[in-house]
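K.L.:
Can you read through this structure? Questions will come right after.
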Amino acid sequence: MVIGKIWKKVVGGRVTPPGELETFLFLVEAQMASETPAQAVGNVPPEPSPAKRKRLKECFEYGNRIAAQENFDYAADVYTECVVGEPGNALYVQAFLSNLKKKFNNNKRGKTFGFFKLAPLKAALRKAVHSKDWVNVFRIGAEALKINPWDTGVLTALSQACEQCGYHEAQLVYLKQALDANPKDVEMCRRCARTLAELNLYDQAIAMWHKVEQLKPNDPEAPKAIADLTVRKTIIVGGYDDTGESRRRIEAVGGEVRTPDALSRRERLELEIKRQPTNLPLYYELAEIYVRDGEYGRAEQLMAKAYEITKDVAAKEKLEDLQLRRLRQALAEAEKEYRSNPSDQTKQKMVAAQKTLWAKELEVYKDRVERFPNNLAFRFELGVRYQLNEMYEEAIKQYQIAQTDPRRKGVCLLNLGQCFEKIGQHRLAMKHFEDAVQEISDRDAENKKRALYSAAVLAYRLKDYRRAEQHASALAAMDYSYRNVGELLDKIAKRLEAQRGGAPAEEEAVEVELPPGQDEE
1212 MVIGKIWKKV VGGRVTPPGE LETFLFLVEA QMASETPAQA VGNVPPEPSP AKRKRLKECF
1272 EYGNRIAAQE NFDYAADVYT ECVVGEPGNA LYVQAFLSNL KKKFNNNKRG KTFGFFKLAP
1332 LKAALRKAVH SKDWVNVFRI GAEALKINPW DTGVLTALSQ ACEQCGYHEA QLVYLKQALD
1392 ANPKDVEMCR RCARTLAELN LYDQAIAMWH KVEQLKPNDP EAPKAIADLT VRKTIIVGGY
1452 DDTGESRRRI EAVGGEVRTP DALSRRERLE LEIKRQPTNL PLYYELAEIY VRDGEYGRAE
1512 QLMAKAYEIT KDVAAKEKLE DLQLRRLRQA LAEAEKEYRS NPSDQTKQKM VAAQKTLWAK
1572 ELEVYKDRVE RFPNNLAFRF ELGVRYQLNE MYEEAIKQYQ IAQTDPRRKG VCLLNLGQCF
1632 EKIGQHRLAM KHFEDAVQEI SDRDAENKKR ALYSAAVLAY RLKDYRRAEQ HASALAAMDY
1692 SYRNVGELLD KIAKRLEAQR GGAPAEEEAV EVELPPGQDE E
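Numbering (our numbering), first residue to last: 1212 to 1732.
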């Protein structure tokens, strides 16, 4: 809605106040980024590669030099690249905010009349937070802070994104900036105290909870949190393990006390999940480690627990993806075994693994279409799974809906033709094959060849040899080695010659196109 209003002004030449056009262009870019497949629900910024981290470090050092020259605007743009490129780096966030404070002479309100440019950014930021698009939260939030680095709504959104991604040090920087803007904000004090506790800064966390007590004397959470943190601090200082037994006692009997530094990443994540049972990014990372170690069952149990605790749809989808990965791995192993030792037993094992995978995929995509009925990609995938499971009428319904997506229309027409052929609607199948030939771009060569081949074979079976010759010739011009197109052209030529001579030709079998996923090698 906000983008639409600004666009009307752009078209009408009424872009006021200054800078609104830049805001429009930024929001359009953010909107496009949020609609790409990469921006899935609950997405977390990827860990920077060593090369990117080196470039960001050089960028940061350059920003420091510019900021020292009091070129605050340019420095803000340079620091923004660092903050967005590695949002968990607290040093980058601290420098970014410190530069903005100097730019606005620490006036605690930011740019004069900045509300007009900030409002559409905050609307886009709320949308990104609602959809758990943390990548765009960091990106839009940084742009918003360049207008007002004390805006508590923007700072809260950024701290929430940091919390979900496990960037607790950066989260603390944003929270302290928000407290700088409003020191008496009780909720912000709570958030800050919890983050300090996550970082094991017990004295600072206790002091912050005392501040909550001062601002809200009857608060029931503050005294309990202070007591808990005091106990935790005593355990750490006194050298106790998780069971409360002293390290000295353990060492006296020859046991081993493992410090946090001695733990592997896997063990640290397992401990962090116990402390933060609702932090989904921790579950995702640990599940990937389990999968990497070949422990698919354990990974699935972990994500089942995550979904049970959070009831987050993203956790359920991650669980489903893990189940499908396990079944695909089992199928790959069965196929490998069959190739190395072809026999009825290994073939049956491979077919069984294939059918198990298709049945599970069907279950998963049925569930996703129920949750997201307007998602045409899910509709298409469900159609494919119905087709693979030989449920052709159900597949037709899904493909007919999915074909409204112009990116998949050609493939939908091709698959519809295959489904209609399976249920005996040959004329209807022929129409869809020929429509698919016209719709599929030449750049999608594989599907173009499949459509031409399907049309040629069906035309031959319908004894429309001229049409069969037309499609087979077009296919041969693209790829003469495709399947048995050369043999098919010979058979068509014999039929046409027999028709011209008036003599009946002997019926010959022709290979029939198989549904997706069943193509013969």
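By construction, the Cβ of each residue, glycine as well, lies at the ideal position given by its N, Cα and C atoms.
Just reading off the alpha helix (DSSP H) that Q1305 is part of, what are its end residues?
P.N.:
Taken as a continuous stretch (DSSP letters only), the alpha helix (DSSP H) holding Q1305 covers 1301-1314.
K.L.:
By the three-class DSSP mapping on this structure, what secondary structure does E1297 have?
P.N.:
Here E1297 sits in coil by DSSP.
K.L.:
How many whole angstroms separate the CB atoms of I1358 and G1325, which I take to be in contact at a CB cut-off of 8 Å?
P.N.:
Yes, they are in contact, since the Cβ atoms of I1358 and G1325 sit about 4 Å apart, within 8 Å.
K.L.:
Pick out the complete alpha helix (DSSP H) segments inside the region 1568-1600, 4 residues or longer, and give them in chain order.
P.N.:
Runs found: 1587-1599.
K.L.:
State the start and end residues of the unbroken alpha helix (DSSP H) segment that holds P1602.
P.N.:
First, the amino acid is wrong: residue 1602 is Met here, not Pro. Element bounds for M1602: n/a, residue is neither H nor E.
K.L.:
Would you identify the three-state DSSP class for Q1375, choosing helix, strand or coil?
P.N.:
The answer is helix: DSSP assigns Q1375 an H, G or I state.
K.L.:
Whose C-alpha, out of N1347, T1323, K1322, is nearest the C-alpha of A1334?
P.N.:
Closest option to A1334, Cα to Cα, is N1347.
K.L.:
Please say whether L1686 and Y1733 have beta carbons closer to each other than 8 Å?
P.N.:
With the chain covering only 1212 through 1732, there is no way to say anything about residue 1733.
K.L.:
Which stretch, first to last residue, makes up the alpha helix (DSSP H) that contains Q1649?
P.N.:
Unbroken alpha helix (DSSP H) run through Q1649: 1637-1650.
K.L.:
What would DSSP say about G1712, mapped onto helix, strand or coil?
P.N.:
Here G1712 sits in helix by DSSP.
K.L.:
Our contact map puts Y1494 next to A1526 with C-beta atoms below 8 Å; I'd like the distance itself, whole angstroms only.
P.N.:
Going by Cβ atoms, the distance from Y1494 to A1526 rounds to 7 Å, so yes, they are a contact pair.
K.L.:
Check T1247 in the structure and name its three-state DSSP category.
P.N.:
Only weak support exists for where T1247 lies, its pLDDT of 38 falling under 50; the value from the coordinates is given anyway. The answer is coil: DSSP assigns T1247 none of H, G, I, E or B.
K.L.:
Would you mind reading off the limits of the alpha helix (DSSP H) that contains F1271?
P.N.:
Looking at the DSSP string, the run of the alpha helix (DSSP H) that includes F1271 is 1261-1279.
K.L.:
Count the other CB atoms, across all protein chains shown, that sit within 10 Å of the CB of V1746; report buried if there are 16 or more and exposed otherwise.
P.N.:
It is not possible to answer for residue 1746, since the shown part of the chain is limited to 1212 through 1732.
K.L.:
Count the other C-beta atoms from every protein chain shown that fall within 10 angstroms of the C-beta of D1472, then say buried if there are 16 or more, exposed otherwise.
P.N.:
Residue placement at D1472 is poorly supported in this model, since its pLDDT is 45, which falls under 50; the coordinates still yield a value, given next. Exposed, since its Cβ has fewer than 16 Cβ neighbours within 10 Å.
K.L.:
Are F1349 and V1384 touching if we call contact CB-CB under 8 Å?
P.N.:
No; because the gap between Cβ atoms is not below 8 Å, this pair is not in contact.
K.L.:
Do you know whose CA, among M1514, E1604, K1265, A1372, lies nearest L1336's CA?
P.N.:
Considering only alpha carbons, the answer is A1372.
K.L.:
Nearest-angstrom Cα distance between L1480 and Q1614?
P.N.:
Their backbone Cα atoms lie some 43 Å apart in a straight line.
K.L.:
Within this structure, are the beta carbons of Y1671 and L1699 separated by less than 8 Å?
P.N.:
It is a contact, given that the beta carbons lie within the stated cut-off.
K.L.:
Evaluate the contact criterion for the region 1287-1306 versus the region 1254-1274: three or more CB pairs, one atom per stretch, below 8 Å.
P.N.:
Counting Cβ pairs under 8 Å, three or more are found: they touch.
K.L.:
In angstroms with no decimal places, state the Cα-to-Cα distance between Q1629 and R1678.
P.N.:
Near 18 Å, if we compare the C-alpha coordinates of R1678 and Q1629.
K.L.:
Within a Cβ cutoff of 6 Å, which residues of the same chain sit near C1400, ignoring the five residues on either side of it in sequence?
P.N.:
If we look at C1400 and ignore the five residues flanking it on each side, its Cβ neighbours are M1419, K1422, V1423.
K.L.:
Output needed for T1567: all residues of its chain with C-beta closer than 7 Å, excluding positions within five of it in sequence on either side, in chain order.
P.N.:
Contacts found: L1538.
K.L.:
Taking the CB atoms as reference points, tell me whether Y1396 and T1363 lie closer together than 8 Å.
P.N.:
Before going on, a small fix: residue 1396 reads as Asp here, not Tyr. Closer than 8 Å, so yes.
K.L.:
Is it right to say I1634 is buried, meaning 16 or more other beta carbons lie within 10 angstroms of its own, or is it exposed?
P.N.:
It is exposed - the Cβ of I1634 has fewer than 16 other Cβ atoms within 10 Å.
K.L.:
Could you compute how far the alpha carbon of R1264 sits from the alpha carbon of H1637?
P.N.:
Spanning the two alpha carbons is a distance of roughly 59 Å.
K.L.:
Contact check, F1631 vs A1666 under 8 Å by CB: the rounded distance?
P.N.:
With 8 Å as the limit, F1631 and A1666 do not qualify as a contact, their Cβ atoms being about 13 Å apart.
K.L.:
Under the assumption that F1497 contacts A1515 (Cβ atoms under 8 Å), give the Cβ distance between them as a whole number of angstroms.
P.N.:
Looking at the sequence itself, residue 1497 is Leu, so the reference to Phe does not match. At roughly 13 Å, the Cβ-Cβ gap does not stay under 8 Å, so L1497 and A1515 are not in contact.
K.L.:
How should H1341 be labelled, buried or exposed, when 16 other C-beta atoms within 10 angstroms of its C-beta is the threshold for buried?
P.N.:
The residue in question, H1341, is exposed, as its Cβ has fewer than 16 Cβ neighbours within 10 Å.
K.L.:
Rounded to the nearest angstrom, how far is the Cβ of P1360 from that of L1407, given a contact under 8 Å?
P.N.:
At roughly 21 Å, the Cβ-Cβ gap does not stay under 8 Å, so P1360 and L1407 are not in contact.
K.L.:
When the distance is taken between beta carbons, is A1301 closer than 8 Å to E1380?
P.N.:
Contact flag set, yes.
K.L.:
Which value, in whole angstroms, describes the spacing of the CA atoms of V1736 and D1439?
P.N.:
Here the chain has residues from 1212 to 1732 only, and residue 1736 is not among them.
K.L.:
Could you tell me the distance, in whole angstroms, from the CA atom of D1616 to the CA atom of Q1649?
P.N.:
Going from the Cα of D1616 to the Cα of Q1649 covers about 16 Å.
K.L.:
Which residues in the same chain as N1310 place their Cβ atom closer than 8 Å to its Cβ, once the five residues preceding and following it in sequence are excluded?
P.N.:
These residues qualify, in order along the chain: G1274, A1278, F1283, A1286, A1287, Y1290.
K.L.:
Whole angstroms are fine: how far does the CA of A1704 sit from the CA of Q1250?
P.N.:
Residue placement at Q1250 is poorly supported in this model, since its pLDDT is 37, which falls under 50; the coordinates still yield a value, given next. When rounded, the distance between both Cα atoms is 53 Å.
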